[in-house]
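With my numbering applied, the sequence shown corresponds to residues 1119 to 1307, in that order.
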Amino acid sequence: MEPEAKRRVLCEHAYAMKKHHATRLHYDLRLEWNGVLLSWALPEGPSCCAGTIRKAIEMEDHSRANLLFEGVHETGPIMLWDRGTWEPQLESDDIRSALSRGVLRFTLRGEKLKGGWTLTRINSTGNAPRPIWTLCKQADSFAKSRADKCVLEERPNSVSTGKTMREIVRDWTSPKDRHERQTRLFDKT
Ligand code: MN
């Protein structure tokens, strides 16, 4: 195996981007690492334009079991908007130290979001309820120009089911969906 391919296999972790209609619509970035999902809330979602900075609020780690969840949570409907894998870039190889330094450079291999991204912490934990980071697309072949249509508008629906948020809400209470959920739960036991 090529060294780059080998490294990718060793470093690859699960990734998901949720679309969450809580009090207000936002996106949730989930990066699997060390048995949990590192989590950031993106009030405006990600931008695929290199250099366009988007706010990313650090949230508590989430359980890995929730990675691919889509449905109606007590906080509002949640759509699995994108999924795939991520890996730290070479300079962020030591993820723990990258997180404590506050600069995580990583590559996404999602179905919608791809290529290099940078998370940068812009405040310390002392003066805000939660650490604030920025998420920025790196300039690479996957970066879009400002003239391109935004991926959030171009591909707004679920990556797993193709459903809109409205359809997720509608189907959550339908007998068919409920039956499927119960069957899945039953299969697990
Ligand atoms: Mn959320």
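Every residue gets a Cβ at the ideal spot worked out from N, C-alpha and C, and that includes glycine.
{"Check": "Under a Cβ-count criterion, where at least 16 other Cβ atoms within 10 Å of its own Cβ denotes burial, should M1240 be classed as buried or exposed?", "Outcome": "A small fix is needed here, since residue 1240 is Ile in this sequence, not Met. Result: exposed."}
{"Check": "M1135 and G1228 - do their beta-carbons sit closer together than 8 Å?", "Outcome": "yes"}
{"Check": "Under three-state DSSP, which class holds I1171?", "Outcome": "strand"}
{"Check": "Output needed for K1308: all residues of its chain with C-beta closer than 7 Å, excluding positions within five of it in sequence on either side, in chain order.", "Outcome": "Nothing about residue 1308 can be reported from this structure: the residues present for the chain run from 1119 to 1307 only."}
{"Check": "Below 8 Å on the Cβ atoms is my contact criterion, and I expect L1222 with P1164 to pass it. Report the Cβ-Cβ distance as a whole number of Å.", "Outcome": "Not quite, the Cβ-Cβ distance comes to about 14 Å (not below 8 Å), so this is no contact."}
{"Check": "Does any heavy atom of the ligand MN sit closer than 7 Å to the C-beta of H1180?", "Outcome": "no"}
{"Check": "Is K1306 helix, strand or coil by DSSP?", "Outcome": "Caution is warranted here: a pLDDT of 45 is assigned to K1306, below 50, making its placement in the model unreliable, and the coordinate value is therefore given only provisionally. Note: K1306 maps to helix in three-state DSSP."}
{"Check": "Could you tell me whether any non-hydrogen atom of the ligand MN is closer than 7 Å to the CB of H1139?", "Outcome": "no"}
{"Check": "Do you know offhand how far Y1133's Cα is from R1182's?", "Outcome": "10 Å"}
{"Check": "Roughly how far, in whole angstroms, is the beta-carbon of V1287 from the beta-carbon of V1154, given that I think they are within contact range, below 8 Å?", "Outcome": "Going by Cβ atoms, the distance from V1287 to V1154 rounds to 28 Å, so no, they are not a contact pair."}
{"Check": "Do M1177 and R1345 have their beta-carbon atoms positioned less than 8 Å apart in this structure?", "Outcome": "Since the first and last residues shown for the chain are 1119 and 1307, residue 1345 lies out of range."}
{"Check": "The beta strand (DSSP E) with R1201 in it runs from where to where?", "Outcome": "1194 to 1206"}
{"Check": "Judging by CA-CA distance, which residue of R1264, I1196, L1217, D1266 is the nearest neighbour of L1143?", "Outcome": "I1196"}
{"Check": "So for A1134, helix, strand or coil by DSSP?", "Outcome": "strand"}
{"Check": "From this set, H1180, D1179, L1198, which residue's C-alpha is nearest E1188's C-alpha?", "Outcome": "L1198"}
{"Check": "With the cut-off set at 8 Å, would you say E1150 and H1131 are in Cβ contact?", "Outcome": "yes"}
{"Check": "Does the distance from the C-beta atom of C1166 to that of R1264 stay below 8 Å?", "Outcome": "no"}
{"Check": "Taking 8 Å as the cut-off, decide whether the C-beta atoms of D1179 and A1159 are in contact.", "Outcome": "no"}
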